[in-house]
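Only one structure is covered here, and it is reproduced in the block below.
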Amino acid sequence: PHPSGLSDLCIELEPDGREQAVEPRPLAWREAPRDAVFAHLRAMGIAGLGGAVCPTYAKLSGAPGELATLVINGAECEPFITCDDRLMRERAGEVIAGALILAELLPARRVVVGIEDNKPEAVQAMRVAAQAAGGGIEVIAVPTIYPGGGAKQLIRVLTGIEVPSGQRSTELGVQCFNVATASSVWRALVRGEPLTHRIVTIAGNVREPRNYETPLGSPVSHLLALAGELPGTTGHIMGGPMMGFDLPQRDVPVVKASNCVIAKSARLFPASPPAMPCIRCTRCVVACPAELSPHELYWFAKSRNFGKAQEYALFDCIECGACAYVCPSHIPLVTYFRFAKSEIWAREREKNAADEARIRHEARSARLEREKIERAEKLAAKTASAAPAAEEPAAPADGDPAHAAIARARAEKTRIEQDATALDPASVPPEALEAQRARLRELAEQKHEHD
């Protein structure tokens with residue numbers, strides 16, 4: 276099953292037990308064409324490891340020329356999650372080397388690494404690695420404010436650029452990658468290693484919370500057993516406590532987006548009080564990092580007024596959960612927003628399917644009408660070619676009964692063909708036939724409009 280609990284395209288991994296590694300396939304990326312480098316990253320399965328899991332080759336190839344700034348995101352703002360922190364402490368050189376590769380592939384003139392100031396060891400390790408690499412990368416400690424790890428929020432803090440609604444950061448000269456993504460790019464190009472592992476934080480109601488470098492596809496239950504899951508677990512979250520989602524069961528695989536698994540307990544995650552009516556206190560408006568109006572979006576989502584929700588920039592919501600956290604009425608606002616988004620996507624898919632069906636129906640109707648006209652023209656041509664033969668005089672009868680029967684059969688055939696010709700388009704004057712065709716097309720168009 277997929278961790279989300281939804282139907283998705285999945286594969287089954289069956290280990291052969293031989294524990295044999297394939298030969299690595301590094302790429303001389305400096306000499307290779309850009310398209311070859313992007314194809315290599317695609318074949319290696321390199322994708323964003325910060326949560327969105329966007330294919331890295333797509334973000335690189337979609338950049339509109341040279342960019343001003345490349346932002347490497349090491350903020351990791353949610354509680355419990357420490358996989359990026361551990362990566363920057365232990366493999367800072369890989370992250371810096373990967374960031375330099377990304378800067379050349381985009382290309383970008385400036386490289387900035389943003390790390391929250393509650394990770395001093397990671398900040399120090401990254402600064403040392405950046406200095407060793409030539410000092411062309413800035414490592415900046417940013418305030419620990421949730422959700423400072425969001426791409427738009429970090430870009431605003433590091434560059435002062437506000438990404439407007441409906442625009443991409445690349446249109447303003449900025450691109451953002453996660454620190455784990457930068458490391459995986461370096462491993463794919465320099466070592467020839469595909470993305471088959473990722474670091475996963477196991478935390479919550481476990482005996483030994485820690486980070487595991489885990490093969491993709493490993494059961495979450497196996498990681499929980501390694502960490503020593505304690506009694507009293509009430510559920511599991513994939514991701515952080517604010518933006519994560521509940522797992523439908525323990526036996527789901529680790530995927531590229533699995534940065535953390537939290538074992539819930541009544542002590543760590545007490546039951547939420549029942550939701551009360553909205554009092555329009557606007558605390559959610561103050562807390563929203565995207566400067567939205569969550570209380571208005573809540574009313575639109577609840578009343579299924581999805582058009583109005585889109586007018587209020589529903590899809591700018593990053594689902595950080597800050598609004599629900601400060602809500603005095605304990606309304607699960609993010610749940611309503613996710614519901615509204617999924618309904619809009621479902622309706623869009625239905626509309627696209629209906630449009631495709633309409634186009635197919637129109638094409639079929641046009642094809643049938645064209646074939647009908649072609650058949651009429653062929654029949655008219657055939658009748659015209661048979662007319663001279665029908666007008667030839669029959670052979671004179673010589674008193675033989677056989678000859679008389681043949682003559683009668685020919686006469687009957689001629690009569691039948693003449694009757695058929697009277698009902699055929701060929702017997703109609705060209706002007707009348709063209710008017711009839713125009714009328715058929717008009718009737719077909721009226722039928723399409725009614726459909």
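Residue numbers (our numbering): 276 to 726. C-beta: ideal position from N, C-alpha, C; glycine also. Predicted model only: the values in this text are computed from it and were never measured.
(request) Report all residues from its chain with a CB closer than 6 Å to the CB of Ala378; omit the five preceding and five following residues, and keep chain order. (result) Position 103 of the sequence shown, counting from 1, holds the residue named residue 378. Around Ala378: Leu345 and Val386.
(request) Let me know the secondary structure DSSP gives Leu499 once reduced to three states. (result) As a working note, residue 499 is residue 224 in the sequence shown. Three-state DSSP puts Leu499 in a helix.
(message) Quick check on Thr557: buried or exposed, where buried means 16 or more other Cβ atoms within 10 Å of its Cβ?
(response) If you number the sequence shown from 1, residue 557 lands on position 282. By the neighbour-count rule (16 or more Cβ atoms within 10 Å), Thr557 is not buried but exposed.
(message) On the DSSP letters alone, give me the boundaries of the beta strand (DSSP E) that Ile412 sits inside.
(response) Residue 412 sits at position 137 when you count from the first residue of the sequence shown. Run containing Ile412: Ile412 to Val417, per the beta strand (DSSP E) assignment.
(request) Drop a sphere of 10 angstroms on the beta-carbon of Ile593, count the other beta-carbons inside from all chains shown, and report buried for 16 or more, exposed for fewer. (result) Looking up residue 593 in the sequence shown gives position 318. It counts as buried.
(message) Short of 6 Å in beta carbon distance, which residues of its chain neighbour Ile619, apart from the five on each side in sequence? Order them along the chain.
(response) Here the question's residue 619 lines up with position 344 in the sequence shown. Take Ile619, set aside five residues on each side of it, and the residues of its chain with a beta-carbon closer than 6 Å to its own are Phe581, in chain order.
(request) Would you kindly work out how many angstroms separate the C-alpha atoms of Glu646 and Arg622, rounded to a whole number? (result) On the sequence shown, position 371 is the one that residue 646 refers to. On the sequence shown, position 347 is the one that residue 622 refers to. Each residue's Cα considered, the two are about 36 Å apart.
(message) Starting from Tyr430, trace the alpha helix (DSSP H) in both directions and tell me its first and last residue.
(response) Numbered from 1 along the sequence shown, position 155 holds the residue referred to as residue 430. Looking at the sequence itself, residue 430 is Ile, so the reference to Tyr does not match. Ile430: member of the alpha helix (DSSP H) spanning Ala426 to Thr434, first to last residue.
(request) Please classify Glu391: is it buried, with 16 or more other beta-carbons within 10 angstroms of its beta-carbon, or exposed? (result) By 1-based counting over the sequence shown, the position of residue 391 is 116. Within a 10 Å sphere around the beta-carbon of Glu391 sit 16 or more other beta-carbons, which makes this residue buried.
(request) Would you mind stating whether Ala597 and Pro422 have Cβ atoms separated by less than 8 Å? (result) Position 322 of the sequence shown, counted from the start, is the residue given in the question as residue 597. Position 147 of the sequence shown, counted from the start, is the residue given in the question as residue 422. In this structure, Ala597 lies near Pro422, with their beta-carbon atoms less than 8 Å apart.
(message) What does the alpha-carbon distance come out to for the pair Pro564 and Gly389?
(response) Walking along the sequence shown from the start, residue 564 turns up at place 289. Walking along the sequence shown from the start, residue 389 turns up at place 114. So the alpha carbons of these two residues sit roughly 18 Å apart.
(request) Return the CA-CA distance between Ser578 and Ala502, expressed in angstroms with no decimal places. (result) For the purposes of this step, residue 578 is identified with residue 303 of the sequence shown, where counting begins at 1. For the purposes of this step, residue 502 is identified with residue 227 of the sequence shown, where counting begins at 1. So the two alpha carbons sit approximately 44 Å from each other.
(request) Tell me Pro552's beta-bridge partners as DSSP assigns them. (result) Start at 1 with the first residue of the sequence shown, and residue 552 comes out as number 277. Paired residues: none, contrary to the question.
(request) Out of Arg482, Pro490, Gly492 and Leu491, state which residue places its alpha-carbon closest to the alpha-carbon of Leu499. (result) The sequence position of residue 499 within the sequence shown is 224, counting from 1. Looking only at Arg482, Pro490, Gly492 and Leu491, the smallest Cα-Cα distance to Leu499 is reached by Arg482.
(request) Within the same chain, show all residues whose beta-carbon is closer than 6 Å to that of Gly510, passing over the 5 residues directly before and after it, in chain order. (result) Taking the first residue of the sequence shown as position 1, residue 510 is located at position 235. Once the five neighbours on either side are set aside, the close Cβ partners of Gly510 are Asp521 and Lys539.
(request) Could you check the C-alpha separation between Glu488 and Glu287 for me, to the nearest Å? (result) The count along the sequence shown starts at 1 and reaches residue 488 at position 213. The count along the sequence shown starts at 1 and reaches residue 287 at position 12. Taking the straight line joining both Cα atoms gives about 20 Å.
(message) Which residue marks the beginning of the alpha helix (DSSP H) containing Arg402, and which one marks its end?
(response) Working through the sequence shown from its first residue, we reach residue 402 at position 127. Here the alpha helix (DSSP H) through Arg402 covers Pro395 to Ala407.
(request) Express the C-alpha separation of Glu709 and Thr689 in angstroms, rounding to a whole number. (result) Taking the first residue of the sequence shown as 1, we reach residue 689 at position 414. Taking the first residue of the sequence shown as 1, we reach residue 709 at position 434. Computed Cα separation, rounded: 28 Å.
(request) Could you pull out every residue in the same chain whose Cβ sits closer than 7 Å to the Cβ of Lys394, ignoring the five residues on either side in sequence? (result) In the sequence shown, counting from the first residue as 1, residue 394 sits at position 119. Asp360.
(request) Consult DSSP for Ser440 and reduce its assignment to one of helix, strand or coil. (result) Counting from 1 along the sequence shown, the entry for residue 440 is found at position 165. Note: Ser440 maps to coil in three-state DSSP.
(request) Please report the Cβ distance between Leu302 and Ser459, rounded to the nearest whole angstrom; I am assuming they are in contact, meaning their Cβ atoms lie under 8 Å. (result) One-based indexing of the sequence shown puts residue 302 at position 27. One-based indexing of the sequence shown puts residue 459 at position 184. Between the beta-carbon of Leu302 and that of Ser459 there is about 14 Å, and that puts the pair past the 8 Å contact cut.
(message) For Arg364 and Ser533, what's the separation of their Cα atoms in angstroms?
(response) Taking the sequence shown and counting its residues from 1, the one referred to as residue 364 is at position 89. Taking the sequence shown and counting its residues from 1, the one referred to as residue 533 is at position 258. Distance between the alpha carbons of Arg364 and Ser533 is about 20 Å.
(message) Does Glu353 come out as helix, strand or coil in the three-state DSSP assignment?
(response) Mapped onto the sequence shown, residue 353 falls at position 78. In the structure shown, Glu353 adopts coil according to DSSP, grouped into three states.
(request) Go through the segment 355-385 residue by residue and report every complete run of the alpha helix (DSSP H) that reaches 4 residues or more, in order. (result) As summarised for the segment 355-385, the continuous alpha helix (DSSP H) elements at least 4 residues long and confined to that stretch are 358-365 and 367-380, given in chain order.
(request) Provide the residue span of the alpha helix (DSSP H) that contains Lys577, from first to last. (result) For the purposes of this step, residue 577 is taken as residue 302 along the sequence shown, with counting starting at 1. In the DSSP assignment, Lys577 falls within the unbroken alpha helix (DSSP H) covering Pro569 to Lys577.
(request) Would you decide whether Glu289 is buried or exposed? Buried here means 16 or more other CB atoms lie within 10 Å of its CB. (result) Residue numbering aside, residue 289 sits at position 14 when the sequence shown is read from its first letter. So Glu289 counts as exposed.
(message) What does the alpha-carbon distance come out to for the pair Ile356 and Glu571?
(response) Counting from 1 along the sequence shown, the entry for residue 356 is found at position 81. Counting from 1 along the sequence shown, the entry for residue 571 is found at position 296. Approximately 31 Å between the Cα atoms of the pair.
(message) When you compare the CB positions of Lys531 and Val297, do they come within less than 8 Å of one another, or not?
(response) Here residue 531 is taken as the residue at index 256 of the sequence shown, counted from 1. Here residue 297 is taken as the residue at index 22 of the sequence shown, counted from 1. In this structure, Lys531 lies away from Val297, with their beta-carbon atoms at least 8 Å apart.
(request) Just tell me which of Ile347, Val438, Glu468 and Ala656 has its CA closest to the CA of Met401. (result) By one-based count along the sequence shown, residue 401 stands at place 126. Of Ile347, Val438, Glu468 and Ala656, the residue nearest in Cα terms is Ile347.
(message) Please state the DSSP three-state secondary structure of Phe614.
(response) Residue numbering aside, residue 614 sits at position 339 when the sequence shown is read from its first letter. Phe614 falls in the helix class under three-state DSSP.
(message) For Val449, which residues in the same chain have their Cβ closer than 7 Å to its Cβ, ignoring the five residues on either side in sequence?
(response) Start at 1 with the first residue of the sequence shown, and residue 449 comes out as number 174. Only Leu342, Ala343, Thr344, Val346, Ile430, Thr434 and Ile436 meet the Cβ criterion.
(request) Please work out which residues of its chain come closer than 6 Å, Cβ to Cβ, to Tyr332, disregarding the five sequence neighbours upstream and downstream, and give them in chain order. (result) Taking the first residue of the sequence shown as position 1, residue 332 is located at position 57. Same-chain partners within the cutoff: Phe313, Leu316 and Arg317.
(message) Judging by CA-CA distance, which residue of Ala641, Phe575 and Tyr600 is the nearest neighbour of Phe612?
(response) Counted from its first residue, the sequence shown places residue 612 at position 337. Checked all of Ala641, Phe575 and Tyr600; the closest Cα to Phe612 is Phe575.
(request) Starting from Ser533, trace the beta strand (DSSP E) both ways and give me its first and last residue. (result) Your numbering for residue 533 matches position 258 in the sequence shown. It is not in any beta strand (DSSP E) - Ser533 carries neither H nor E in the DSSP assignment.
(request) Use the C-beta contact count for Asn627: other C-beta atoms within 10 angstroms, 16 or more gives buried, fewer gives exposed. (result) Taking the sequence shown and counting its residues from 1, the one referred to as residue 627 is at position 352. Asn627 comes out exposed.
(request) Give the secondary structure of His636 by DSSP, where H, G and I count as helix, E and B as strand, and everything else as coil. (result) Taking the first residue of the sequence shown as 1, we reach residue 636 at position 361. Judged by DSSP in its simplified three-state form, His636 adopts helix.
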